[in-house]
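*Asks:*
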Amino acid sequence: MEPSYSVFVSKDSFKFNAAHFQIYQGFRERLHGHNYRVGVRIEGKLGSDGYVLDFGDIKKAARLVCKQLNEKTIIPTANDCLEVSSSDGQISLVCQDGSRFSLPQDDCVLLPIAHSSAEELAEYVCGELIKSLKIPGRRQVCSIEVTVAEAPGQEAVCKIDL
47 MEPSYSVFVS KDSFKFNAAH FQIYQGFRER LHGHNYRVGV RIEGKLGSDG
97 YVLDFGDIKK AARLVCKQLN EKTIIPTAND CLEVSSSDGQ ISLVCQDGSR
147 FSLPQDDCVL LPIAHSSAEE LAEYVCGELI KSLKIPGRRQ VCSIEVTVAE
197 APGQEAVCKI DL
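Just so you know, the sequence shown maps onto residues 47 to 208 in the working numbering.
(1) For residue 123, is the classification buried or exposed, using 16 other Cβ atoms within 10 angstroms of its Cβ as the cut-off for buried?
(2) Could you compute how far the alpha carbon of residue 53 sits from the alpha carbon of residue 168?
(3) Since residue 115 and residue 62 are thought to touch, with beta carbons under 8 Å apart, how far apart are those beta carbons, to the nearest angstrom?
(4) Any idea if residue 89 is buried or exposed, counting beta-carbon neighbours within 10 angstroms, 16 or more meaning buried?
(5) On the DSSP letters alone, give me the boundaries of the alpha helix (DSSP H) that residue 68 sits inside.
(6) Do you know how far the Cα of residue 191 is from the Cα of residue 185?
(7) Answer with buried or exposed for residue 81, where buried requires no fewer than 16 other C-beta atoms within 10 angstroms of its C-beta.
(8) Is the beta carbon of residue 127 sitting closer than 7 Å to the one on residue 151?
(9) Is residue 205 close to chain D? Criterion is C-beta to C-beta, closer than 7 Å.
(10) Evaluate contact between the region 197 to 207 and the region 164 to 178, counting only Cβ atoms and requiring at least three cross-stretch pairs below 8 Å.
Put into structure tokens, the structure is as follows:
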């Protein structure tokens, strides 16, 4: 029987504060914010150095993703109920219900997701970590799992098998 290994990292620095709203057919939340927390689990085989993946590499990559999202308004650009445009340093949003937002571009992060749910944010962070950590191709990592908590006891998990 072959043992399995995983590493889990969740630090106080794996956080981002961001505004968002959910929008889908017939519904739009009010703009509001969360103090998000991120956790990362990586499963794989041990390398010759005794690591699945170096904790330092995971911490560096997770902090970078969190920094890119911190103190931003999350704009889900793949949402079919939201028109997003950019002009003169402003992001303009027109919602299906007719409401409009205009925000400074530097205050926004445009993500290729349909909804700014914790689940889709977890998938986005997962994808960014895969790229940043150069997985696959590096070591023998078989999966990555990201947890995004929008409040204590309220979290979503995305796991991608590689």
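Where a beta carbon is used, it is the ideal one built from N, C-alpha and C, also for glycine.
*Replies:* Result, derived from the coordinates:
(1) Its Cβ having fewer than 16 others within 10 Å, residue 123 is exposed.
(2) Spanning the alpha carbons of residue 53 and residue 168 requires a straight line of approximately 17 Å.
(3) Their Cβ separation, rounded to whole angstroms, is 4 Å, which keeps residue 115 and residue 62 in contact under 8 Å.
(4) A residue is called buried when at least 16 other Cβ atoms come within 10 angstroms of its Cβ; residue 89 meets this threshold and is buried.
(5) Unbroken run through residue 68: none, as it is neither H nor E.
(6) Those two C-alpha atoms are separated by around 17 Å.
(7) Under a 10 Å Cβ-count criterion, residue 81 is classified as exposed, with fewer than 16 other Cβ atoms of the shown protein chains found around its own Cβ.
(8) Going by beta carbons, residue 127 and residue 151 fall outside the 7 Å limit.
(9) This model lacks chain D altogether; it includes just one protein chain.
(10) Judged by Cβ distances under 8 Å, the region 197 to 207 makes contact with the region 164 to 178, as three or more pairs qualify.
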